[in-house]
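To start, the structure under review is shown below, and the notes come after it.
Residue numbers (the numbering used here): 39 to 308.
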């Protein structure tokens, strides 16, 4: 609705996963030796290869722009805040070379723009409304420098956002508390304002990144897989045509099915 075409997405759900499947590695906690065996990691490659070369059908944008990866997580309500966490740790630590002031300024501007966009979404839709959380009245707020910032650090385990950044795809990890997720599910104005905040951030900050092609792609695939093996794995995941956008109607059906699962299955929250 906002970009002129549907977004691409990949979703995990415990109820639809095969038990004891060795491919069910946690995509947010992989070494570079493990990531070549993760379908989620191959999805990043496939999405980038499928959507980056030609952006002529996206309204108002030029060609050869970076793909923007938004990794949406749920978290339990905290006892002292109702924060939406904006996790840009991989962008801040790995997007540019150390000491690259221009690159750092771009990432800082991206974070500021996104935070203000979400704050404006709250102002427009829930304003000064407070929500009862742990017997306290709380406002929906935004945390720009959260503990859960999508970056485990250095050459250790990598989140899927970190993997994206290594592939030169800008990425953000959003940690959304339970009460906020419930409000998003029932408040059409809020979910639309969220979408506008993300799209506006892409148009104003991500699509203009001068640094997106400054560094080469890096991941474990080149070291641990041949190109032929990688092509076979991605073909098995997506088929011969590669990833594709669903229609708005198909997306709505998929989300209704997931909501039904959430209503009928008790799942431990973290």
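Backbone N, C-alpha and C fix where the C-beta goes; we use that ideal spot for every residue, glycine too.
Nonlocal neighbours in the same chain, by C-beta distance under 7 Å from residue 108, ignoring five residues either side: Residue mapping note: residue 108 aligns to position 70 of the chain shown, counting from 1. 210, 212, 236.
Please classify residue 200 as buried or exposed, where buried requires at least 16 other C-beta atoms within 10 Å of its C-beta. In the chain shown, the residue the question calls residue 200 occupies position 162. Residue 200 comes out buried.
Within a Cβ cutoff of 8 Å, which residues of the same chain sit near residue 120, ignoring the five residues on either side of it in sequence? For this step, residue 120 is matched to residue 82 along the chain shown. Excluding positions up to five away in sequence, the list reads 169, 171, 176, 177, 178, 179, 215, 217, 218.
Residue 153 to residue 181, Cα distance in whole Å? Locating residue 153 in the chain shown gives position 115, counting from the first residue. Locating residue 181 in the chain shown gives position 143, counting from the first residue. The straight-line gap from Cα to Cα measures roughly 8 Å.
Taking three-plus beta-carbon pairs below 8 Å as touching, is the segment 129 to 148 in contact with the segment 238 to 251? yes
Alpha carbon to alpha carbon, what distance is there between residue 255 and residue 123? Here the question's residue 123 lines up with position 85 in the chain shown. Here the question's residue 255 lines up with position 217 in the chain shown. Cα-Cα distance, rounded: 27 Å.
Residue 31 classed as buried or exposed, judged by whether at least 16 other C-beta atoms fall within 10 angstroms: One cannot answer for residue 31 here, as it falls past the ends of the chain, which runs 39 to 308.
Is residue 212 helix, strand or coil by DSSP? By 1-based counting over the chain shown, the position of residue 212 is 174. Strand at residue 212.
As assigned by DSSP and simplified to three states, the class of residue 48: One-based indexing of the chain shown puts residue 48 at position 10. Here residue 48 sits in coil by DSSP.
Output needed for residue 162: all residues of its chain with C-beta closer than 8 Å, excluding positions within five of it in sequence on either side, in chain order. To locate residue 162, count along the chain shown from 1; it is residue 124. So the qualifying residues of the chain are 227, 231.
Which first and last residues belong to the alpha helix (DSSP H) in which residue 238 is found? Within the chain shown, the letter at position 200 stands for residue 238. Residue 238 -> alpha helix (DSSP H) spans 226 to 239.
Closest residue to residue 155 among 253, 57, 287, 238 (Cα-Cα distance): Your numbering for residue 155 matches position 117 in the chain shown. The shortest C-alpha separation from residue 155 is found at 238.
With DSSP run on the structure shown, which of helix, strand or coil describes residue 146? Here residue 146 refers to the residue found at position 108 when the chain shown is read from its first residue. It is helical.
So what's residue 79 in DSSP terms, helix, strand or just coil? Position 41 of the chain shown, counted from the start, is the residue given in the question as residue 79. Three-state DSSP puts residue 79 in a helix.
Can you tell me whether DSSP reads residue 222 as helix, strand or coil? Along the chain shown, one-based indexing puts residue 222 at 184. Helix.
Do you know whose CA, among 186, 261, 287, lies nearest residue 73's CA? To locate residue 73, count along the chain shown from 1; it is residue 35. Among 186, 261, 287, the Cα nearest to that of residue 73 is on 261.
The segment 130 to 138 contacting the segment 71 to 85, beta-carbon criterion three pairs below 8 Å: no
Can you give me the C-alpha to C-alpha distance between residue 257 and residue 205, rounded to a whole angstrom? Here the question's residue 257 lines up with position 219 in the chain shown. Here the question's residue 205 lines up with position 167 in the chain shown. For residue 257 and residue 205, the distance between alpha carbons rounds to 7 Å.
Does DSSP classify residue 160 as helix, strand or coil? As a first step, residue 160 must be located in the chain shown, where it is residue number 122. In this structure, residue 160 counts as helix in the three-state DSSP scheme.
Using only the alpha-carbon positions, how far apart do residue 103 and residue 242 sit? Counted from its first residue, the chain shown places residue 103 at position 65. Counted from its first residue, the chain shown places residue 242 at position 204. In a straight line, the C-alpha of residue 103 is about 12 Å away from that of residue 242.
Based on DSSP bridge pairs, tell me the residues matched to residue 113. Translated into the one-based positions of the chain shown, residue 113 becomes position 75. Paired residues: 215.
From residue 114 to residue 220, what distance separates their C-alpha atoms? Walking along the chain shown from the start, residue 114 turns up at place 76. Walking along the chain shown from the start, residue 220 turns up at place 182. Their Cα atoms are separated by approximately 12 Å.
Cα-Cα separation between residue 69 and residue 275, rounded to whole angstroms: As a first step, residue 69 is located in the chain shown; it is residue number 31 there, counting from the start. As a first step, residue 275 is located in the chain shown; it is residue number 237 there, counting from the start. Cα to Cα, the separation comes out at about 21 Å.
As assigned by DSSP and simplified to three states, the class of residue 182: The count along the chain shown starts at 1 and reaches residue 182 at position 144. Coil.
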